[in-house]
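Colleague: To convert, note that position 515 of the sequence shown is 515 in my numbering; the numbers rise steadily by one, no gaps. Ideal Cβ placement from N, Cα and C applies to all residues, glycine included.
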Amino acid sequence: MTLTRTLKVAVPVPLRRLFDYSVPRGMDLPAPGCRVEVEFGRRNLIGIVWEQSTQEQAAEQASQKLKPIRRVLDAAPVMDPDLMQLCQRAADYYHHPIGDVLATALPTLLRQGQDAQVSGELFWCLTPRGQHAEVDALSRAPRQQQALSLLKEHPHGLAVPMLSALSVPRSALQALEKKGWAELREMAASESSSKQLLGELPLPPGIEQEAAIRALREANGFAPYLLDGITGSGKTEVYLQAMEPLLAAGKQILVLVPEIGLTPQTVRRFEKRFNVPVESLHSGMTDRERLHGWVRSRLGEARIILGTRSAIFTPMKSPAMIIVDEAHDSSLKQQEGLRYNARDLAVWRAHMLDIPVVLGSATPSLETLYLAEQGRYRHLRLRERAGDARPPTLKIEDCRELPGHTPLSPRSLKAIADTVNQQQQVLVFLNRRGYAPVIQCHDCGWQAECERCDSFLTWHKSIGRLICHHCTHERRVPAHCPKCGSSALTDAGSGTEKIAEQLQKAFPKHPVLRIDRDTTRRKGSLDAALAKAHSGEASILVGTQMLAKGHHFARLTLAIVLDADGGFLSADFRGPEHASQLILQVAGRTGREAHRGTVIIQSRHPDNTLLHTLLSGDYATIAARLLADRRMAGLPPFGHVALLRCESMKANECIELLDQLAVLPVDPRVQLLGPVPAPLERRQGRFRFQLLLRADLRAPLHGAIGQLLHVLDRHPLARRCRWSLDVDPVDML
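#1: Can the beta-carbon of THR544 be found less than 8 angstroms from the beta-carbon of GLY597?
#2: May I have the straight-line CA-CA distance separating ALA718 from LEU657, to the nearest angstrom?
#3: Sort ARG17, GLN146 and VAL542 by Cα distance to ARG432 and report the nearest one.
#4: Strictly by DSSP, which residues pair up with ILE253?
#5: According to the neighbour-count rule (16 or more other Cβ atoms, all chains shown, within 10 Å of its Cβ), is GLN440 buried or exposed?
#6: Evaluate contact between the stretch 669 to 676 and the stretch 696 to 707, counting only Cβ atoms and requiring at least three cross-stretch pairs below 8 angstroms.
#7: Let me confirm a value: MET632 is counted as buried when at least 16 other C-beta atoms fall within 10 Å, else exposed. Which label applies?
#8: Determine the direct distance from the alpha carbon of LEU644 to that of VAL295, and round the result to whole angstroms.
#9: Do THR368 and TYR377 have their C-beta atoms within less than 8 angstroms of each other?
#10: To the nearest angstrom, how far is the alpha carbon of THR520 from that of LEU126?
#11: I'd like the ranges of any alpha helix (DSSP H) spanning at least 4 consecutive residues and lying wholly in the stretch 614 to 639.
#12: Under a Cβ-count criterion, where at least 16 other Cβ atoms within 10 Å of its own Cβ denotes burial, should THR490 be classed as buried or exposed?
#13: Buried or exposed: which applies to ASN341, given that a residue is buried once 16 or more other Cβ atoms fall within 10 Å of its Cβ?
#14: Using a 10 Å radius around the Cβ and a threshold of 16 neighbouring Cβ atoms, would you call SER63 buried or exposed?
#15: Just list the beta strand (DSSP E) runs in the stretch 357 to 425, keeping only unbroken ones of 3 residues or longer that don't cross its boundaries, in chain order.
#16: Got a sec? Which residues, its chain only, sit under 7 angstroms from ILE622 by beta carbon, not counting five neighbours each side?
#17: Which first and last residues belong to the alpha helix (DSSP H) in which HIS442 is found?
#18: For LYS333, which of helix, strand or coil comes out of DSSP?
#19: Measure the C-alpha to C-alpha separation of ASP28 and GLU177 and round it to an integer number of angstroms.
#20: Taking all protein chains shown into account, do 16 or more other C-beta atoms lie within 10 angstroms of the C-beta of HIS741, making it buried, or fewer, making it exposed?
#21: Can you give me the Cβ contacts of THR104 inside the same chain, cut-off strictly under 8 angstroms, excluding the 5 residues immediately before and after it?
#22: Should GLN174 and ALA76 be called a contact, given that it needs their Cβ atoms to be closer than 8 angstroms?
#23: So, helix, strand or coil for GLN131, using DSSP?
#24: Applying the 10 Å Cβ sphere with the 16-neighbour rule, what's the burial state of HIS292?
#25: When you compare each of PRO142, GLY180 and LYS179 to PRO169 by their alpha carbons, which one comes out closest?
#26: Anyone know if the C-beta pair for ARG555 and GLY232 falls short of 8 angstroms?
#27: Taking the straight line between their C-alpha atoms, what separation do you get for GLU60 and ARG42?
#28: If you pair each beta-carbon of the stretch 380 to 387 with each one of the stretch 212 to 230, do three or more pairs fall below 8 angstroms?
#29: Excluding the 5 residues preceding and the 5 following GLY575 in the sequence, name in chain order all residues of the same chain whose CB lies nearer than 6 angstroms to its CB.
#30: Nearest-angstrom Cα distance between ARG630 and PHE19?
#31: Report all residues from its chain with a CB closer than 7 angstroms to the CB of GLN145; omit the five preceding and five following residues, and keep chain order.
#32: How close, in whole Å, do the beta carbons of LEU306 and PHE270 come, if the pair is a contact with beta carbons under 8 angstroms?
#33: If you draw a straight line from the alpha carbon of SER365 to that of ARG35, how long is it in whole angstroms?
#34: Along the chain, where does the beta strand (DSSP E) that runs through SER22 open and close?
#35: How is LEU102 classed by DSSP in three states: helix, strand or coil?
#36: Tell me whether HIS510 is buried or exposed, calling it buried when 16 or more other Cβ atoms sit within 10 Å of its Cβ.
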C-alpha cells in the first residue's frame, strides 16, 4: 500500500466543482485556506486549498495521474475558516463556481501570487500568551524555539528585515502566530492603540437613540437588528456609541456603505471620534492599497474596516459587529459575475461569527421590513430628527403643461431664487447624466440611436460626443442629419449637464456645482466636489443619486426632484419601491439643521396615488401599500424569484435554448415564466431574453435552478450563448 496525499482545490475557472491534486513527496501538506499554484490545462493558476486528505491506496491506484501542485504560496492560511464558509455558502446559494467566488473574495495581488504582506515597517511581537510561553516547550521545533527566544529578548518587537538578517524563517514565526504566541503588526498602529479611545465626546442621545444604543450594547451573540430611522434621525451616532465598548475591548467592527462617495466622510467621522486605526476598502483604491488594508484587517491592526460591498469578504482577527448603512440600497447587489447581495451576506457572516449585525436605513427594503414584522429581525425605530431639525415639507408640482424643452417649472425657478437669495443651498436632483438623452432631426424625425443597443445615444455637450450609456459606444455629434442632410438638429430631454448650464445662466451670481459620474471620474475629484458642497461654497447643487444618500449639507433647505415618474411606471416590479426610496432619500438631504426643508416633486402624472402618499413623508405607509401588492402577486418577500438571462448575436438561439429549459419537468411548486425579451432587447449587438423562476418557498426554487443548470452545462446552444443566473434579482431589466 502507498500513502497518497491529495487536495481538493478551488481553481478560478467557471466550473461549479473542486479539483483534485496530489502533493509531491517531501512537500509539506498545505492547510485549507492556503494558496497553491496548480497546472490547469495549459495554464498555471493560483487556487485555494479547500480540503486535504491522506489515505492508503494500492500502488496501481496511486499511480493514476493526478496532477501535482506546483508550489505552496503560504505557510499559514490566508483565508480563515469563517471566510471559507461564507464563500462556500455564497457559491451554493447563488449557484456560482466556487473558484469564481474566490476571485471576488481575494484581493487581486493575492490572486496573482504575491505575498500576503503589508507595506511599510512591520514588526513581529509576542502576544500576551506568547510572553508567558516557555521556550523549552519548543525543544522539538528548534526554529520556532529560536524565534520565540529572540522575541522574548525584544519585548517591543523585531522588524521583519532584522529577523531575516538573523536567519529566522518566516514559517517559524507563522507557526508561533498559529499558536497565538506572536503577531505581525505595524509599529505605527501599535503606538496609536496606546492613546485614549475617544478623540471627541459622544453627542447626547435622544430618547429613541438611547434605547437603540442600549439594545445594541446589550446584544450577546448573533442578533440581527433593523435600525429604521428617518433621514437626519442620528443613525450614525447610534452606530458610534454602540461601537465604543467593543473597540474599548480591543475588537473589530466591519461597516459597509453602498457608495464610494460615502466612504471619505464616514472615515473622517470615525477617525474624529475614535483613536483607533480605520481602514477603508473600495474599488477606487489601487491593488496595493487594497491588499494593505486586507492584510491589516486580517492581522487585527485595522480596528474599524469601512468599505463598499466587496468588503464583506474582508478577514478579521477579532470581529465584534457588522453594520450595513443604507441597507436598502441596490448598490449593495453585485450585477456581474457572482451576483451577491452584501446585505444578505452580512447577515450570514454575522451568524457564522456569532456577532450582532445592524442594518440601518431610512427607507428599508420591503424584504427587510417584512422580516422585522415577522420578528426575525429586532426592529429599532428612530422617528424624530436629531436636535431641532424638523421633517421637510413635500409638494407635487403639476408639469403636464410644461414644454418638453423646459426642464424646470416657473414655480421651481422662483423657489430656487428665493432660497439662494436667503443664502441657503438648493439641490436639483435628476438621475440622468449628460446634456440631453436624445438628438433628433426637426425635419425628418431621425434620432441618434446606438447601432449596438436598442437605445438612444446621449449627448455629452462638454466633450462633443454622443455616448451610449449601455455599451459605452460613442461617436461625434453630426453637423447634418445622416438621413435627410438637414442641419436642423435639436436635442430633446435634459440631463444634469443641461440643468447645470441653464441654472448657471439663470443665476449667474450663484455658483452651480454638478456632481455625477462624468464630473468625478478622476481619483480624488468626488471627495473634492463633496467638500465644496459641504462648505456651502456652491449655492446650487445638481446631481444624480450620488447626492441622494448619506450626506449632511448644513445649509441645504430646498430640493427639486425632476422626472419623478419613471420609477412608478417601470416594468420592474421593484420600480415603485426604488422610486419612493430615492425621493425620500433626496428629501432627507434638506432641512437638517435650523431651517425647515422643502421638496418640490415635478411630475407629469400628478394624480399618481403613490406620489400623494409620499407627501406625508411616511415611508411605513408606502411600504405597507407596496407589501400588500406584493402579497397578492406572490412576489418577494412573499415568494422567491431567480432570473435566467440569455444573450446571443442571433435571437433565435436564445429563444430556442430558453424554450427548451421552460418545458423541463421541474417541481410543480415552481413557475417558469417566459422566455420573454428583456426590456432592453438588444445590447452590445446581442439579443437578450430572460426566463423567470418563481416559487413560494426557497427549497423547490433552488432545486429547479439545479435542474436547469445541469441541462445548461451540457447543452450545445449554451456554448453559443452568454447566459447568467441572478438569484434574488434587484433589477429585472
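Modeller: In this structure, then:
#1: Position 544 of the sequence shown, counting from 1, holds the residue named residue 544. Position 597 of the sequence shown, counting from 1, holds the residue named residue 597. The answer is no: Cβ separation not under 8 angstroms.
#2: As a first step, residue 718 must be located in the sequence shown, where it is residue number 718. As a first step, residue 657 must be located in the sequence shown, where it is residue number 657. ALA718 and LEU657: Cα-Cα distance of roughly 7 angstroms.
#3: Taking the first residue of the sequence shown as 1, we reach residue 432 at position 432. The shortest Cα separation from ARG432 among ARG17, GLN146 and VAL542 belongs to VAL542.
#4: Taking the first residue of the sequence shown as position 1, residue 253 is located at position 253. DSSP lists ILE304 and MET321 as partners of ILE253.
#5: Reading the sequence shown from its first residue, position 440 is the one you call residue 440. Flag for GLN440 reads buried.
#6: yes
#7: Locating residue 632 in the sequence shown gives position 632, where the first residue counts as 1. Classification for MET632: exposed.
#8: Numbered from its first residue, the sequence shown carries residue 295 at position 295. Numbered from its first residue, the sequence shown carries residue 644 at position 644. VAL295 and LEU644: Cα-Cα distance of roughly 37 angstroms.
#9: As a working note, residue 368 is residue 368 in the sequence shown. As a working note, residue 377 is residue 377 in the sequence shown. Closer than 8 angstroms, so yes.
#10: The residue labelled residue 520 in the question sits at position 520 within the sequence shown. The residue labelled residue 126 in the question sits at position 126 within the sequence shown. Roughly 45 angstroms between the two C-alpha positions.
#11: 619 to 633
#12: Counting from one through the sequence shown, the residue named residue 490 turns up at place 490. Classification for THR490: exposed.
#13: Your numbering for residue 341 matches position 341 in the sequence shown. Classification for ASN341: buried.
#14: For the purposes of this step, residue 63 is identified with residue 63 of the sequence shown, where counting begins at 1. With a pLDDT of 42 at SER63, under the threshold of 50, the modelled position of this residue cannot be trusted, and the question is left open.
#15: 378 to 382 and 393 to 398
#16: Working through the sequence shown from its first residue, we reach residue 622 at position 622. SER580, LEU610, THR613 and LEU614, listed in sequence order.
#17: One-based indexing of the sequence shown puts residue 442 at position 442. Looking at the DSSP string, HIS442 is not in any alpha helix (DSSP H), and its letter there is neither H nor E.
#18: Along the sequence shown, read from residue 1 onward, the residue named residue 333 stands at position 333. In this structure, LYS333 counts as strand in the three-state DSSP scheme.
#19: Along the sequence shown, read from residue 1 onward, the residue named residue 28 stands at position 28. Along the sequence shown, read from residue 1 onward, the residue named residue 177 stands at position 177. Cα to Cα, the separation comes out at about 18 angstroms.
#20: This structure gives no information on residue 741, because the portion of the chain shown stretches from 1 to 733.
#21: To locate residue 104, count along the sequence shown from 1; it is residue 104. Here the set comprises SER310, PHE313, GLN334, GLY337, LEU338 and TYR340.
#22: One-based indexing of the sequence shown puts residue 174 at position 174. One-based indexing of the sequence shown puts residue 76 at position 76. Yes, they are a contact pair.
#23: Numbered from 1 along the sequence shown, position 131 holds the residue referred to as residue 131. If DSSP states are grouped into helix, strand and coil, GLN131 belongs with the helices.
#24: To locate residue 292, count along the sequence shown from 1; it is residue 292. Buried, since its Cβ has 16 or more Cβ neighbours within 10 Å.
#25: Within the sequence shown, the letter at position 169 stands for residue 169. The candidate whose alpha carbon is nearest that of PRO169 is PRO142.
#26: As a position in the sequence shown, residue 555 is number 555, starting the count at 1. As a position in the sequence shown, residue 232 is number 232, starting the count at 1. Contact: no.
#27: Locating residue 60 in the sequence shown gives position 60, counting from the first residue. Locating residue 42 in the sequence shown gives position 42, counting from the first residue. For GLU60, the predicted model reports a pLDDT of 46, less than 50, meaning its position is unreliable; a value from the coordinates is still stated below. If I take the Cα positions, the gap works out to 26 angstroms.
#28: yes
#29: Within the sequence shown, residue 575 is the residue found at index 575, counting from 1. Only GLY567 meet the Cβ criterion.
#30: Along the sequence shown, read from residue 1 onward, the residue named residue 630 stands at position 630. Along the sequence shown, read from residue 1 onward, the residue named residue 19 stands at position 19. Using only the alpha carbons, I get a separation of about 43 angstroms.
#31: Sequence index remark: in the sequence shown, residue 145 carries index 145 (1-based). Cβ neighbours of GLN145 beyond the five flanking positions: VAL135, LEU138 and SER139.
#32: Position 306 of the sequence shown, counted from the start, is the residue given in the question as residue 306. Position 270 of the sequence shown, counted from the start, is the residue given in the question as residue 270. Sure, about 7 angstroms apart at Cβ, within 8 angstroms.
#33: By one-based count along the sequence shown, residue 365 stands at place 365. By one-based count along the sequence shown, residue 35 stands at place 35. SER365 and ARG35: Cα-Cα distance of roughly 38 angstroms.
#34: Position 22 of the sequence shown, counting from 1, holds the residue named residue 22. First-last of the beta strand (DSSP E) with SER22: 19 to 22.
#35: As a working mapping, residue 102 is identified with position 102 in the sequence shown. Residue state, collapsed to three classes: helix.
#36: The sequence position of residue 510 within the sequence shown is 510, counting from 1. Burial call: buried.
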